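Be aware that the sequence shown starts at 1309, since it is given in the numbering used here, and climbs by one per residue.
Each residue gets a CB set at the ideal place from its N, CA and C atoms; glycine is no exception.
Model, not experiment: these values are computed from the prediction.
Worksheet for the structure shown next.
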Amino acid sequence: MREMLPFGLGVFAWGLVTGVAMVKSGLSIVESLGLSLLAYAGSAQLAALPLMAVFAPLWLVTLAAIIVNLRFVVYAALLRSHLGHLSANTRLWLGYFTGDVMFARYSALLAEEPDYPHRVAYFAGGATANWIIWQVSSIIGIFAAGAIPTSWGLELAGTLALLALLIPLCRHRPAQGGVAVAVIVAVIAHDLPLRLGLLAATLAGMTAAIALERRLRSPAT
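So, in structure tokens, the structure goes:
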């Protein structure tokens, strides 16, 4: 939990943005609190809110949220070898608490210490800290939505703060190549509906990183 605190500023900023966005999209305070606690998925919430505001069909709102959060399927696949031995209930709870920041920090830990003995405790503690910071900031945003102007640029503040977590993960060439491809695709596909550009960039970046890693490991290289 202590190691997650340096990244708390980025998580707090995004949670605050999401809380404000829910209320300003027309949800009541009770509805916003329920969505924050049940969904716990900032990008999916932000993708679904514009559709909810115009009373789009439920299937379309659900589809948009699922598409944006498909990256968690990849996270789950990568975490399976570390957490797959736990009971079904424990895996469900850890799945709910899993977030982008904790997954990145956990991946960095394993890169630094492949034989770290307390993986489950580390993941659970960090994920819980991430959840607490997010919910506190989201709830503040919900109740203070009327007093927080959109001109504050909190989205940019959250993005810049999260870079402190992401940059150390890009020390190797496969990660650098994946990031470069993801950035290009994200810019090109920015205007796709339902935030499909995010999904396209994620898949393209992962594919490029895997391909480059295999090429570097090949005996011919």
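Under the three-state DSSP convention, the category Thr1406 falls into = coil
ask   = Taking C-beta to C-beta, are Ala1497 and Leu1504 nearer than 9 angstroms?
value = yes
Classification of Thr1334 by the beta-carbon crowding that lies within 10 angstroms, buried from 16 upward = Here residue 1334 turns out to be Gly, not Thr, going by the sequence shown. Gly1334 counts as exposed, since fewer than 16 other beta carbons sit within 10 angstroms of its beta carbon.
task = On a CA-only basis, which of Tyr1424, Ala1416, Thr1406, His1393 is nearest Ala1435? Give me that one, please.
result = Thr1406
query = Using the C-alpha atoms, what's the distance from His1390 back to Val1428?
reply = 8 angstroms
task = Identify, in the order they occur along the chain, each residue of the same chain with its Cβ nearer than 6 angstroms to the Cβ of Ala1508, setting aside the five sequence neighbours on each side.
result = Val1493, Ala1497
query = Just curious, the alpha helix (DSSP H) that Val1495 is in, first and last residue?
reply = 1481–1496
message = So, for Leu1341: in the same chain, excluding its five sequence neighbours on each side, which residues have a beta-carbon less than 8 angstroms away from its beta-carbon?
response = Ile1447, Ile1450
Residue ranges of each alpha helix (DSSP H) within the region 1346–1426, 4 or longer = 1350–1361, 1366–1376, 1379–1391, 1396–1405, 1408–1420
request  = Flag this pair as touching only if the region 1387–1402 and the region 1359–1372 have three or more C-beta atom pairs under 8 angstroms; answer yes or no.
outcome  = no
key: For Val1331 and Ile1456, the rounded distance between their alpha carbons   = 11 angstroms
task = Can you give me the Cβ contacts of Ala1349 inside the same chain, cut-off strictly under 6 angstroms, excluding the 5 residues immediately before and after it?
result = Asn1377
message = Quick check on the DSSP output: the alpha helix (DSSP H) that includes Glu1311 runs from which residue to which?
response = Taken as a continuous stretch (DSSP letters only), Glu1311 belongs to no alpha helix (DSSP H), as it is neither H nor E.
request  = Check whether the Cβ atoms of Phe1380 and Met1410 sit closer than 9 angstroms, and answer yes or no.
outcome  = no
ask   = From Met1309 to Gly1433, what does the alpha carbon distance come to, in whole angstroms?
value = The alpha-carbon atoms of Met1309 and Gly1433 are separated by roughly 5 angstroms.
ask   = Ser1445: buried (16+ other C-beta within 10 angstroms of its C-beta) or exposed?
value = buried
query = Three-state secondary structure (DSSP) at Ile1441?
reply = If DSSP states are grouped into helix, strand and coil, Ile1441 belongs with the helices.
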